[in-house]
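Going down the list, the protein sequences come from chains A and B.
Counting from 1, position 377 in the first sequence corresponds to residue 371 in the numbering used here; the numbering is continuous, with no gaps.
Counting from 1, position 292 in the second sequence corresponds to residue 286 in the numbering used here; the numbering is continuous, with no gaps.
Yeah, the Cβ is synthetic: ideal placement off N, Cα and C, and Gly gets one too.
Reading through the structure tokens given below for one structure.
Number of protein chains: 2
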Amino acid sequence: MSIPTTSKQTLGIIAGRLAIPTLVLDPDPHCPAKQVSVPPPGTAHVDAVYGSNAAQGVSRLAAQCTVITPEIEHIDADALQGHGNVQPAPETIRLVQDKFVQKKHLKARGVPVCDAVGVDTREQAERAVDALGLPLMLKRRAGAYDGRGNFVLRELRQLDGALAALGATTDGEFGLYAERWAPFVKEVAVMVVRDVHGETRSYDPAETVQRENICRLVLAPLRAADADVARARAVAEDAVCAFAGAGVFGVELFLLDGGAVVVNEIAPRVHNGGHWTEAGCATSQFENHVRAVLGRPLGSTAMVARCAAMVNLIGGDWDFDNAVDIAMGVKGASVHVYGKTWRAGRKLGHVNVVADSDAELRARLRPILLAIDDPDVDAYAPDSPERGVNHAFPLVSIVMGSKTDLPVMQKAADVLDEFAIPYEMLIVSAHRTPDRLYAFAQGAEARGVRVIVAGAGGAAHLPGMVAAMSALPVIGVPVKTTALSGVDSLYSIVQMPRGIPVACVAIDNGMNGGLLAARMVGNSGAMSSWMQNQSESVALDPRK
Amino acid sequence: MSIPTTSKQTLGIIAGRLAIPTLVLDPDPHCPAKQVSVPPPGTAHVDAVYGSNAAQGVSRLAAQCTVITPEIEHIDADALQGHGNVQPAPETIRLVQDKFVQKKHLKARGVPVCDAVGVDTREQAERAVDALGLPLMLKRRAGAYDGRGNFVLRELRQLDGALAALGATTDGEFGLYAERWAPFVKEVAVMVVRDVHGETRSYDPAETVQRENICRLVLAPLRAADADVARARAVAEDAVCAFAGAGVFGVELFLLDGGAVVVNEIAPRVHNGGHWTEAGCATSQFENHVRAVLGRPLGSTAMVARCAAMVNLIGGDWDFDNAVDIAMGVKGASVHVYGKTWRAGRKLGHVNVVADSDAELRARLRPILLAIDDPDVDAYAPDSPERGVNHAFPLVSIVMGSKTDLPVMQKAADVLDEFAIPYEMLIVSAHRTPDRLYAFAQGAEARGVRVIVAGAGGAAHLPGMVAAMSALPVIGVPVKTTALSGVDSLYSIVQMPRGIPVACVAIDNGMNGGLLAARMVGNSGAMSSWMQNQSESVALDPRK
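The structure is reproduced here in structure tokens:
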């Protein structure tokens, strides 16, 4: 069983920053957490087991501490009982240890979870397949960690192999449970912190990318419709209400097609899905855990960076030191090396990356994912597209009523190319594709778009309608018409009623639409240089 | 002599995060740095002095380490000599220790510094007053720290007291120097990092606020004209070229009226003026120091937060624990408690604060400065002004050609009040006050303004001229005229030439000007709610 000693170490460091002495219970006298925390005079770390038969070790710890907080759920919960201030509560540890019990507990409290049945015999396994269908998740009820103890059963003939892989050898004592497969569109992690007074705060939901049941990559904030993000957060906070005690709870959820959310499982501790908060938030999950269990004021869970990600460095067939050096050179990256001996499949470190936009985040992730041979690099951190191809993570969305507007709107795109601002260009017609208009305007912000440039001619409704359905700033470009030379387009765009503003530029001036968008998304340094160049290029003698 | 052991501790923690073992030389076997770093098997921290007679201790350290980095300049530089890889170089330590020698060294290298003369006798002190005028800085050449060892001589009759306070008792052996007073408008700190290969990066210049020669508050980025900020950075980088070796150098400068910059002094180490980088940047000064001296890739020195500040917690007549609790509850704040025994005037901790704007930063600083009884709280973290009063740190600047535009533009202000967005309202006439226009447009961004809303009527030049002189997005509000009903204003504002965009809204629609500004500065959640309310307030039966 792998022990996430590094999180324990970080908790110790955070406590140290607040001048709070920490003692560590761990069988290894040289474990990372003990390396960063010298016990105050008269106290000592405890070198003892905690997985089972931990009573003696916990007693020695408890005799020296005012608060005990388990940092792993695979711990002797009985040993914690009766030792005063244990956060979260020993019964919480007990409840989550058996994941089938955890699931039934959540379901009984009205928290949405996947249907599950206990599996202790081969016959029960077959019945589970009949009842819940394929693919089917088979999981160990206890002791699973980092994907070990999970099996995705895709066909019935895999069953014997699955049972063997899960160590279910004695019929009647399999200790497994089967869970209906969740057809998720995204896996999500929400870190929730509750203090000893019951105050609860949650961090922004983040997308987790798992492969072989191990978390590889976490991306925050979650890019999904606002309502779905809010639902994930609410469900996570609800789920934590089912458990007693203070501290951080890592809630793993599935976001299903259509926006429904189900809880996968809950860890009553800081969680790999929340490591990004170290770089992305002013108060990390680690610091809020320490504050929560000590009854100190909670810190804000709001993001400080606009976008954040975490990459796990998991031992593989690539050069670790080289990858660390590459990550160190990436702007916005901070590298954590755990100092553990290399082993294939072992979490050896992680890299946090922050950025000002999704596009920038993905561009920063790319060399790191390439360095660790991540097979999904092109999916999560694609190369920038060629000129003329829509960016997968645009900051600016250029829309127009029809293809005839392209010559005008292309000028906006050209400017954004010049400023290396990621954009997309779409045809959205207010009159001919109203559904598409609605979906576009409602969804743009959730995709990370920050400014919309809309071009239209005549009864030019597109910019105003987009502005009516999105809280983003909308720039309108009136396209010249034959009948009224674009004065019709201009009036339609600029004369918006009170409440719904459109930023109108000159007739046919797509270039100014692009420049205005560039001013809005920032980097005024680049804009100042551009203006300086423009000044210098002005011919000062009209006869030459 | 106070030892900044906390910085040493942070360096050890950072090294630990990269799995690099650290040994510490300090006479105190329980000093903070030793508390967070357990030596690897077969090695040991060194309990020995370093200020003088450090040869033996340094030898013991050097025998166990591949790199030695002094974290304080008050160290036996001779003892470091000949010990292989010492970063920065021992001669750098020697050069900076005697601040008068440091100053002459900088001057000889062409770095701008204040005029200074050595003072070893009372007569030399009097001659210095004649030569350099009053007020005059009298400083100890060596061993000064946190303001001790400095005296501002305002009148000649203070001289004897000053000499006594500086310990200058033996005529002929004062060991002082006198420095011409710098009539600074701001004190500035720039952290510069240079790696072993000579690559140099600097952090954003920050304003430092000193009182009684002790740093109280640091604010980043420095709010000054772009050219002045660039000059401060360039001078700091130049100054560091005068010293050999790798690591972070803390450069203290004075920004004089008119934009000139002079170097005050340089510390060849991480510096209190750079603690804000822990929260404000992806790679802090501490981490870049570790990387630099080890020859690992440097991290980015760019800010991750838009605004950052650091408050020193200096022992005073206020409740320390209460202040820490208050700071913990402030959004964007991270608290560092050094665990030192309380002593008046002692640095006991610091609080970093990040925010998305100057106004937000100052609002967050206010409760912290109040909790530590900072007498300058109203200067640096004023209360929000009442409605109708310009904010000292506006995000939006509302300008208009004349007072007759106020009824229209007041609507923009009302909207910003509703969204709690800090703004200012000014009269700037393109035609009647062109100088003011120029100064306003050129200076707005350096003051932290992010959007300009400009109202004008008739030959409405104001929005376009502001847009031509600032890289910020400019919103134009055409004000209705009697002659042409505002169509003249509209055309003047919207029909801008290619290259200089103005975001034009409807005639007399100041409200939409404000709403567009609100959309641009962000907080789309608030805008969505506002739009939702507007939807719900629409009467759906025209007869009622």
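Within a 10 Å sphere around the beta-carbon of K2/A sit 16 or more other beta-carbons, which makes this residue buried. In this structure, F413/A lies near A512/A, with their beta-carbon atoms less than 9 Å apart. Boundaries of the beta strand (DSSP E) around R195/A: 194 to 196. The beta carbon of H39/B lies closer than 8 Å to those of L17, V18, L19, D20, P23, K28, S31, P33 in the same chain, with the five residues before and after it left out.
For K28/B, the neighbours in chain A by C-beta distance under 9 Å run, in chain order, V32. Around the Cβ of E117/A, a 10 Å sphere holds fewer than 16 other Cβ atoms; the residue is exposed. Those residues of the segment 296 to 326 of chain B placed with their C-beta closer than 7 Å to a C-beta in chain A are A296, V298, A299, D319, M322, G323, K325, G326, ordered along the chain. Pairing V190/A with T295/A gives a Cβ-Cβ distance that is not under 9 Å. Counting along the chain, H283/A sits inside the alpha helix (DSSP H) bounded by residues 279 to 288. The contact set of T277/B on chain A, defined by CB atoms closer than 7 Å, consists of S328 in chain order. Chain-order list of chain B residues neighbouring C59/A: empty, with the shortest C-beta distance near 17 Å, by a criterion of under 9 Å. If you compare the alpha carbons of P291/A, L150/A, G137/A, Y139/A with that of A125/A, the shortest gap goes to L150/A.
Annotation: V186/A is outside any alpha helix (DSSP H); the continuous beta strand (DSSP E) that includes it extends over 178 to 188. Each residue's CA atom was taken as its position, placing L132/A and A57/B some 56 Å apart. Not a single CB atom of chain A sits nearer than 9 Å to the CB of L431/B. Put simply, the CB of N144/B is far from chain A, with every gap to its CB atoms at 9 Å or more.
Just so you know, the alpha carbons of K325/B and P361/B end up roughly 11 Å apart. Shown here for A461/A: same chain residues with a beta carbon closer than 6 Å to its own, the five before and five after excluded, namely V468, I494, V496 in chain order. Contacts with chain A (Cβ-Cβ distance below 9 Å) from the segment 433 to 460 of chain B involve E439, R444, V445, listed in chain order.
Residue G267/B holds the alpha-carbon nearest to the alpha-carbon of V345/B among A162/B, G267/B, E193/B. Judged by DSSP in its simplified three-state form, G449/A adopts strand. Taking a beta-carbon distance threshold of 9 Å, E65/B does not count as an interface residue toward chain A.
Taking the beta carbon of A465/A as reference, the chain B residues within 7 Å of it are R513, S518, M521, S522, M525, listed in sequence order. The residues V61, T63, Q81, A240, G241, in chain order, have a CB closer than 6 Å to that of V287/B in the same chain once the five nearest residues on each side in sequence are set aside. If the five residues before and after N384/B are omitted, its C-beta is found closer than 6 Å to the C-beta atoms of E418, all from its own chain and listed in chain order. For Y417/B, the uninterrupted beta strand (DSSP E) segment begins and ends at 417 to 421. At least one C-beta of chain B is nearer than 9 Å to the C-beta of G293/A. Taking the Cα positions, L250/B is about 27 Å away from V348/B. Contacts between M490/B and chain A, judged by CB atoms closer than 9 Å, involve V499, A500, N503, N506 in chain order. CA-to-CA, the gap between G519/B and L55/B works out to about 56 Å.
Distance from the CA atom of G437/A to the CA atom of G451/A, rounded to whole angstroms, is 24 Å. Counting along the chain, N266/A sits inside no alpha helix (DSSP H), nor does DSSP assign it H or E at all. Taking 9 Å as the CB threshold, Y332/B lines the interface with chain A. Taking a cut-off of 8 Å for Cβ pairs, the segment 83 to 94 of chain A and the segment 223 to 240 of chain A touch, as three or more such pairs fall below it.
Scanning its chain for C-beta atoms nearer than 7 Å, with the 5 sequence neighbours on each side dropped, one finds around H77/B the residues V52, A56, I62, in chain order.
Residue environment analysis places K97/B among the buried positions, since at least 16 neighbouring C-beta atoms fall within 10 angstroms of its C-beta.
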